[in-house]
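Undergrad: No gaps in the numbering here: position 206 of the sequence shown is 206 in full-length UniProt numbering, and each next residue is one more. In this text, a Cβ means the ideal position worked out from N, Cα and C, and glycines have one as well. Computed from a predicted structure; not experimentally measured. My structure is below; once you've seen it, I'll send some questions.
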Amino acid sequence: MIGVFDSGIGGLTVLHWFLKELPEYDYVYIGDNARAPYGNRSPETVYEYTRQEVEYLFNSGAQLVVLACNTASSLALRRLQQEWLPQHFPDRRILGVLIPLVETALQTTKTGRIGVVGTRGTISSGAVTREFEKRRVMVRPDLAHMEIFSASCPLLVPLTEEGWIDRPETKRIMRHYVRELKQKNIDTLLLACTHYPLLYDHFSAIMGKKVKVIDNHAIALSFKNYFERHPDIAALCRSKSETPKRMFLTTDDPERFSRLSSRFLGEQIEAHHVAVL
Numbered sequence: 001m002i003g004v005f006d007s008g009i010g011g012l013t014v015l016h017w018f019l020k021e022l023p024e025y026d027y028v029y030i031g032d033n034a035r036a037p038y039g040n041r042s043p044e045t046v047y048e049y050t051r052q053e054v055e056y057l058f059n060s061g062a063q064l065v066v067l068a069c070n071t072a073s074s075l076a077l078r079r080l081q082q083e084w085l086p087q088h089f090p091d092r093r094i095l096g097v098l099i100p101l102v103e104t105a106l107q108t109t110k111t112g113r114i115g116v117v118g119t120r121g122t123i124s125s126g127a128v129t130r131e132f133e134k135r136r137v138m139v140r141p142d143l144a145h146m147e148i149f150s151a152s153c154p155l156l157v158p159l160t161e162e163g164w165i166d167r168p169e170t171k172r173i174m175r176h177y178v179r180e181l182k183q184k185n186i187d188t189l190l191l192a193c194t195h196y197p198l199l200y201d202h203f204s205a206i207m208g209k210k211v212k213v214i215d216n217h218a219i220a221l222s223f224k225n226y227f228e229r230h231p232d233i234a235a236l237c238r239s240k241s242e243t244p245k246r247m248f249l250t251t252d253d254p255e256r257f258s259r260l261s262s263r264f265l266g267e268q269i270e271a272h273h274v275a276v277l
């Protein structure tokens, strides 16, 4: 079983592509809606919340957990992998979503001028910029020049969680957040928050045809490659039944979660409430 974790509903944009590219696996998704958003919380708080959710998923049978939350990937992933996992679940895996997005952006850009939008926590951590610098030599050794321009967009997560995706207020706020990026002549925009693909069409329209917006399909393709390279882990996560399991959990209102989630996945789901402490 694969566990997918996000602070809210945004990780469903990752799960959506997983179900298309890797349908043969069992999945359990948990959204920590009761404590969302994570983007404005301290690094220590993000770490502790993420650890609790990951532990719950492992205890629920997940062999591998995907942190489908860029804030958690930026602020908690490395510490969980290096310190917590070896002591508590040495036979399990925790992976983030940041590296596939960065590598795809590097493969896409022609000018080396890349924009990044994310939560305040993700942007202020510097994790995205560090990942670009680390991956550049491996992915694009031919890229003579690279500049990363970042913008934090703290209101977009709560707006998407409220279902305000197509409201004119949301579009005005988005234009305000990216106004400086539009002046930097970027040719690629990385959405470094899993909620933001819900606003993909708006980002594309605001940035214009010359800017390629990177979405979460890249994450699923990267994990597909990961399982091909690690067949032992794939075998542990693959469903043993003809109909793979799909479980949806939330720390807040399950009816509201189900209503919002259905529009993102394109199918009706039934979420269940859990208390994770």
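Would you call residue 254 buried or exposed, if buried means 16 or more other Cβ atoms sit within 10 Å of its Cβ?
TA: Flag for residue 254 reads buried.
Undergrad: Hey, would you say residue 120 sits closer than 7 Å to residue 70, going by beta carbons?
TA: No, these two residues do not count as a Cβ contact at 7 Å.
Undergrad: Go ahead and label residue 241 buried or exposed: buried means 16 or more other beta carbons lie within 10 angstroms of its beta carbon, across all protein chains shown.
TA: Exposed is the call here.
Undergrad: Identify, in the order they occur along the chain, each residue of the same chain with its Cβ nearer than 6 Å to the Cβ of residue 104, setting aside the five sequence neighbours on each side.
TA: So the list reads 214, 218, once near-sequence residues are dropped.
Undergrad: Starting from the Cα of residue 198, find the closest Cα among 231, 163, 183, 180 and give me that residue.
TA: Checking every option, the nearest Cα to that of residue 198 belongs to 163.
Undergrad: Using 10 angstroms around the beta-carbon of residue 42, count the other beta-carbons present and answer buried if the total reaches 16, otherwise exposed.
TA: Exposed is the call here.
Undergrad: Let me check understanding here. Comparing Cα to Cα, which of 87, 223, 276 lies closest to residue 20?
TA: Answer by Cα proximity: 223.
Undergrad: Just how far apart, CA to CA, sit residue 37 and residue 176?
TA: Roughly 20 Å between the two C-alpha positions.
Undergrad: So residue 92 and residue 58 are in contact, right, with Cβ under 8 Å, and what is the actual spacing, rounded?
TA: With 8 Å as the limit, residue 92 and residue 58 qualify as a contact, their Cβ atoms being about 6 Å apart.
Undergrad: Quick check: what's the CA-CA separation for residue 6 versus residue 51?
TA: Rounded to whole angstroms, residue 6 to residue 51 spans 12 Å at the Cα level.
Undergrad: I'd like the span of the alpha helix (DSSP H) that includes residue 200, first residue to last.
TA: That run of the alpha helix (DSSP H) goes 200 to 207.
Undergrad: Please state if the CB of residue 110 and the CB of residue 32 are separated by a distance shorter than 7 Å.
TA: Their beta carbons are not under 7 Å apart, which means residue 32 does not touch residue 110 by this criterion.
Undergrad: Which same chain residues end up closer than 6 Å to residue 2 when comparing Cβ atoms and leaving out the 5 residues on each side of it in sequence?
TA: For residue 2, where only same-chain residues beyond five positions count, the Cβ hits under 6 Å are 25, 27, 64, 237.
Undergrad: Could you have a look at residue 6 and say whether DSSP puts it in helix, strand or coil?
TA: Residue state, collapsed to three classes: strand.
Undergrad: Is DSSP giving residue 212 helix, strand or coil here?
TA: Residue 212 falls in the strand class under three-state DSSP.
Undergrad: Rounding to the nearest angstrom, what Cα-Cα distance links residue 184 and residue 113 in this structure?
TA: Distance between the alpha carbons of residue 184 and residue 113 is about 8 Å.
Undergrad: So, for residue 96: in the same chain, excluding its five sequence neighbours on each side, which residues have a beta-carbon less than 6 Å away from its beta-carbon?
TA: Correct list, in chain order: 67, 73, 77.
Undergrad: Do residue 11 and residue 194 have their C-beta atoms within less than 7 Å of each other?
TA: Result yes, Cβ atoms of residue 11 and residue 194 sit closer than 7 Å.
Undergrad: Residue range of the alpha helix (DSSP H) that residue 73 falls in?
TA: Its alpha helix (DSSP H) spans residues 70 to 75.
Undergrad: From residue 86 to residue 270, what distance separates their C-alpha atoms?
TA: Rounded to whole angstroms, residue 86 to residue 270 spans 34 Å at the Cα level.
Undergrad: Under 7 Å, do residue 128 and residue 137 count as touching if we go by C-beta distance?
TA: Taking 7 Å as the Cβ cut-off, residue 128 and residue 137 do not qualify as a contacting pair.
Undergrad: Is residue 275 buried or exposed, if buried means 16 or more other CB atoms sit within 10 Å of its CB?
TA: Exposed: under 16 other Cβ atoms inside 10 Å.
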